[in-house]
Amino acid sequence: MTKRYPIPKEILIVTETLQKAGHEAYLVGGCVRDLIRGAQPKDWDITTNATPDIIQSLFTETFYENEYGTVGVVNETDDQTLRVVEVTPYRLEGTYSDKRRPDEVHFSEHLEDDLKRRDFTVNAIAYDPSKGHLIDLYNGQKDIKDMRLVTVGDPSERFTEDALRMVRAIRLSAELGFTIAPKTQEAIMKHAELLSHVSKERIRDEFSRLIMSAQPMAGIQIAHDAGLLKHIMPELEEGINVTQNGDHIYPVWEHSLRTLQHAADKGFPLHIRLAALLHDVAKPTTRRDDTSKGHATFYGHEVVGARTAKHVLECLKYPRDTIENVRKLVRYHMFFSDIEQITLSAVRRIVHNVGPELVRDLMNLRTCDRIGMGRPKERPYRLRKYEAMVEEAMRAPVSVGMLKTNGNRIMTLTKEAAGPRLGWILHALLEDVLDDPDKNTELYLDARTHELTGLTDNELRILGEQGKEKREEEEEKELKQIRKKYGVS
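Read in the numbering used here, the sequence shown has 497 at position 423, and its numbers run on one by one without any break.
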């Protein structure tokens, strides 16, 4: 079949160089699948009958640091998706005795050998950009059209070769919106326990991509239904059928998934999505039936949950900074936000506990939590009011501390001693700077200081009081702008 797709020049240079040297060169895998779908590929893979040493000899800058024959060809471009193109010889693979990787890898002269070892039919299509030829031996184009995932050959064989393919099937389903073919789904359920043979790092990488997909809620549900989730994050499944109080219309499991899905809908980063998924992970273990109140309580679930989330992510070998960010978000997601009772000092404590770099993520997590509860509004008035208070707590106050001088400097420059006059001078200088920020230089302030020291106490007091009034006006102006930004009074 002949079809022309737009291929970046950086990719064409690689395929044409191989072909001009007398070798075959095809685009293969996810990039071909995405081209057929009309999507922009995020990375580009090329397969060839050239061996690694030949590939390296044809290009100026390459690297080869693996046991599978893949050579990284480095292009001169600022586009990171094109910076490194992976070129791999056709391969034949033997047995997978450890359920993770082939015991031996042999290079082949035939494209057919390479395509038949691939995981899913939608990834087993090759494309020759020079001729516009698609080589589709396993009806992958039809499966793309039908939006379904089917393994190449027998699904049990594919999954026993590399058990991670089962997680990849679910991740691709969530990323692409494809359904998993019944026989493929059955094989996943049959072989789910083989996931224990796969390294935590590989599982983490696929799981993270699932979490970062457009439909992570569906993906997590499929992982549970297929029996895979208990080998990845079993703590989540404890929330199934755990009912909550009247504020929640969903059990813990569904609430957590809906919270995660809203984080995905908003395009939030990985640490917020993981926190959304895990924020109520300890509710099953902290649930108590309170007959006096007529409903269940979950006291301390955020404290226990923070420890649980840390443990879960450590088991999956997540980076320490990711773990710490998620831990903090889970720990403080129950922050008190009653604007009739909350004080600015309490808000400052939250900012201190979470950290200024995470506090807005905490606000975003709360909005996801609300939608996950079935609430109609992301940000009701009281949450917007709280966000305004957070911004107020984080802003640099309008004060003499803004000046590029201070009391010690003034006392060194002049004969002024500590006392009221020193405060009046600082506030008089502040008024000048608030009127004209360009005056906030040591040169101007030192000269103006000498002028002010020549004034009488009364004259200086008047200027100092004017400076204080100006400071208060600017403070109020800034606060009004913050409240207007969040639509609160």
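Backbone N, C-alpha and C define an ideal beta-carbon position, used for all residues, glycine too. Owing to the predicted nature of the structure, the values given are computational and were not obtained by experimental measurement.
In this structure, the alpha-carbon of Glu98 lies about 40 Å from that of Leu390. Leaving aside the five residues that flank Arg165 on each side, the residues in its chain whose CB is nearer than 8 Å to its CB run, in chain order, Tyr142, Gly143, Val179, His180, Phe181, Ser182, Asp187, Asp188 and Arg191.
Residue burial annotation: Asn149 is buried, with at least 16 other C-beta atoms found within 10 angstroms of its C-beta.
Exclusion of the five residues before and after Thr125 leaves Gly143, Pro163 and Phe181 as the residues of its chain whose Cβ lies within less than 8 Å of its Cβ. From the listed residues Thr382, Leu504, Met447 and Asp117, the smallest Cα separation to His329 is found for Met447. Collapsing the DSSP output to three states places Pro126 in a helix. Contact check for Leu487 and Thr523: beta-carbon distance about 6 Å, within the 8 Å limit, so the pair qualifies. Taking C-beta atoms as the reference points, Ala383 and Arg401 count as a pair closer than 8 Å. Shown here, Ala292 sits in a helix according to DSSP, grouped into three states.
Here the alpha carbon of Val474 sits roughly 10 Å from the alpha carbon of Ala502. In this structure, DSSP gives Pro454 a state outside helix and strand, which the three-state scheme calls coil.
Apart from sequence neighbours up to five positions away, the residues of its chain that approach Met468 with a beta-carbon distance below 8 Å are Val425, Pro430 and Val433, ordered along the chain. Look at the region 273–339 and you find these whole runs of alpha helix (DSSP H), each 4 residues long or longer: 274–285, 290–299, 308–311 and 326–339.
When C-beta atoms of the region 259–278 are compared with those of the region 370–377, fewer than three pairs fall below 8 Å, so the two segments do not count as touching. Shown here for Leu534: same chain residues with a beta carbon closer than 8 Å to its own, the five before and five after excluded, namely Arg495, Trp498, Ile499, Ala502 and Leu526 in chain order. Of all alpha-carbon atoms in Asp510, Asp520, Gly493 and Pro454, the one lying nearest the alpha-carbon of Tyr560 is that of Pro454. A direct Cα-Cα distance of roughly 38 Å separates Met485 from Asn427. For Ala370, the enclosing beta strand (DSSP E) covers residues His369 to Thr371.
Under DSSP, Pro163 takes part in a beta bridge, and its partners are Thr122. When secondary structure is reduced to three states using DSSP, Val102 falls in the strand class. Restricting attention to Arg456, Leu519, Pro450 and Lys451, the CA atom closest to the CA of Gly481 is found in Leu519.
Check the Cα spacing between Leu101 and each of Val88, Leu387 and Asp119: the tightest is with Asp119. In the same chain as Met476, and ignoring 5 residues on each side of it, the C-beta atoms closer than 8 Å to its own belong to Ala470, Leu504, Val507 and Asn514, in chain order.
As the crow flies, the alpha-carbon of Tyr460 is around 11 Å from that of Ile556. The residue from Met408, Ala337 and Tyr392 with its alpha-carbon nearest to that of Lys357 is Met408.
In the three-state reduction of the DSSP assignment, Arg362 falls in the strand class. The beta carbon of Leu156 lies closer than 8 Å to those of Pro82, Glu84, Ile85, Trp118 and Asn149 in the same chain, with the five residues before and after it left out. In terms of Cα proximity to Gly104, the closest of Val147, Thr136 and Leu223 is Leu223. Taking 8 Å as the cut-off, the beta carbon of Leu436 is found closer than this to the beta carbon of Tyr406. Going by DSSP, Ala200 is part of the beta strand (DSSP E) stretching over Ile199 to Asp202. Per DSSP, Gly146 lies in no alpha helix (DSSP H); the unbroken beta strand (DSSP E) holding it starts and ends at Val145 to Val148. When DSSP reads this structure, Arg222 sits in a beta bridge with Thr253. Among the bridge pairs identified by DSSP, Ile209 is matched with Ala200.
A buried status is given to Gln318, since no fewer than 16 other beta-carbon atoms sit within 10 Å of its beta-carbon.
Within the same chain, and ignoring the five residues on either side of Leu268 in sequence, the residues whose Cβ sits closer than 8 Å to its Cβ are Lys173, Phe233, Thr234, Ala237 and Met240.
Cβ contact annotation for Lys544 (same chain, cutoff 6 Å, sequence separation greater than five): Glu505 and Leu508, in chain order.
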